[in-house]
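The next block holds one structure in the form of structure tokens; read it before the comments.
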Amino acid sequence: MQKQAEPEKIILLELHREFLEIARARKLKFQLANIQLFDSQSKWGEYDHLAKTISISRNLIQKFSWAHVVGVLKHEMAHQWVYENYPSDTQAHGKEFHLACEKLKLQAVYSSSKVELTAENPNFHVVDETNPLIEKVKKLMSLATSANEHEASLAATRVRELYMKYNLEHADLGEKSEVSHLIISTGKKRLSLIEKKIIAMLVEFYFVQVIVVQEFSSKTLTHYQALEVIGLKENALMAEYVYQFLLRATKGYPSTSMKLGLLDGFAQKLKGHSLVKEPNQKALIVRAEAKLEDYVHDYFPRLRSLRSSSRQISSSDYNHGVSQGQKLNLNKPISENNRGPTKRIG
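No gaps in the numbering here: position 329 of the sequence shown is 330 in the numbering used here, and each next residue is one more.
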């Protein structure tokens, strides 16, 4: 019993820390709630306004990512906020509850009475097969595995063209509920220079914002750095695929200089394909990117910045990497066997 008590104590301390950080970040006043764990097969969490207690399911903590745990915690905090500010409100998930969800920046998946969670992100190949964009990308990705370098390069370029067209069509971004949040767990306490470089490329070329967040692991009882990819669903999925692809591509090179050169070479190749044809198209993309940045700054009041450490770079290794990067093609989509430990939270 003592062995179980110690991990649960750490988890409860982390839940209390999350509670205080959420309230502080959103500038909302809460009475300090008691937080406890409970056993339930039918509920992820519940709030008892008489005892001022938030209960979180052990089953949730054991089977799902910490991001899901925080989402459920926010849901119960929304109930608490309603009871503290509108004590006569008797609707469990009524107008005031949804107002509380908005104030807490609670994503739609956690704001309904029945919260359905998935342990992993949907596979890139099978997600939303009714979406014409996904279907086209699937076919082009199969072409990108061609031994014909010209055909493979054309396929990778065509994917970028499709995503440019998609983003021009969705330049107004619509309601904030359309924005997806996708977590890429790294299992590391510190990101490498190569990982930071790839993040910068995702933001530059794939219509997403990427925030470095601290992710608590209820299994190891420690914190790791994770990437929160934010954007339209298709863009977030594509960025996840590119991130994993480029990480695998750099593993075959022995030095940091070669790896950086490889990434810069690939970036030069992407820049070489001018996808914006008209000035008004550029204006639409700039406006959409500005709206996404506004959304991110509203969602994250305090942003964590990426710092690049100074490194000695070998010019010969770097130039060799550049030449290899210019030949690099997005040649294999993520499958169940090679994808990283990524969790969908939006």
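Every residue gets a Cβ at the ideal spot worked out from N, C-alpha and C, and that includes glycine.
In this structure L51 is exposed. Its beta-carbon is surrounded by fewer than 16 other beta-carbon atoms within 10 angstroms.
Excluding five sequence positions before and after Q226, the CB atoms of its chain that fall closer than 8 Å to its own CB belong to T187, K189, K190, R191, L192, V213, V214, Q215, E216, given in chain order.
Between the stretch 43-50 and the stretch 17-29, the count of Cβ pairs shorter than 8 Å is below three; the stretches do not touch. Of the candidates Q210, I23, A24, L61, L61 places its Cα closest to the Cα of S219. Per DSSP, the continuous beta strand (DSSP E) segment holding L183 begins and ends at 180-189. DSSP places Q32 in the coil class of the three-state scheme, outside both helix and strand. Take S41, set aside five residues on each side of it, and the residues of its chain with a beta-carbon closer than 6 Å to its own are S58, in chain order. Annotation: S256 to M202 spans about 20 Å, alpha carbon to alpha carbon.
Look at A52 here: in three-state DSSP terms it is coil, with no helix or strand label. For the options K166, H298, Y244, L118, the alpha carbon positioned closest to that of A68 is the one of L118. Residue burial is scored here from C-beta neighbours: L33 has fewer than 16 other C-beta atoms within 10 angstroms and is therefore classed as exposed. For the pair L263 and A250, the CB atoms are nearer than the 8 Å cut-off. The three-state reading of DSSP puts L264 in helix, counting H, G and I together.
DSSP places G95 outside any alpha helix (DSSP H), giving it a letter other than H or E. Excluding sequence positions up to five before and after A237, its CB lies within less than 8 Å of the CB of S181, H182, L183, V209, V230, I231, G347, all in the same chain and listed in chain order. When DSSP states are grouped into helix, strand and coil, G253 belongs to the coil group. With respect to the 8 Å criterion, V110 and V73 are not classified as neighbours on the basis of their beta carbons.
In the DSSP assignment, E229 is bridged to I184, I212.
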